[in-house]
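Okay, structure first, notes after.
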């Protein structure tokens, strides 16, 4: 998928597409750049579509990670700083 914009630029700049040799260099640069940007947006939209199509119940978070995350969020700020310093000392 990442090759599409590069292939468009290469095809225009090396006159591989019919009619590209009749264009001025300025028009050729503008058209090839515009089409490369459009192709990048199409690839991004395709990735978003594929991500939205994936079932949401497929991925379950790790219960121990969730418990540790909830515990760290509920700690007061002073305790969180001292516990992080003590964990650095233990390492």
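Residue numbers (our numbering): -4 to 86.
Glycine included, every Cβ here is placed at the ideal spot set by N, Cα and C.
Are residue i and residue j closer than 8 Å when you measure CB to CB?
i	j	result
residue 7	residue 27	yes
residue 16	residue 10	yes
Give the C-beta separation of residue i and residue j to the nearest angstrom, bearing in mind that I take them to be a contact with Cβ-Cβ under 8 Å.
i	j	result
residue -1	residue 34	5 Å
residue 30	residue 3	5 Å
Give the DSSP-derived three-state secondary structure of residue i in the structure shown.
i	result
residue 89	The chain is shown from -4 up to 86; residue 89 falls before or after that span and cannot be answered.
residue 57	coil
residue 14	coil
residue 8	helix
residue 19	coil
residue 71	coil
residue 110	The chain is shown only over -4 to 86; residue 110 falls outside these bounds and no answer can be derived.
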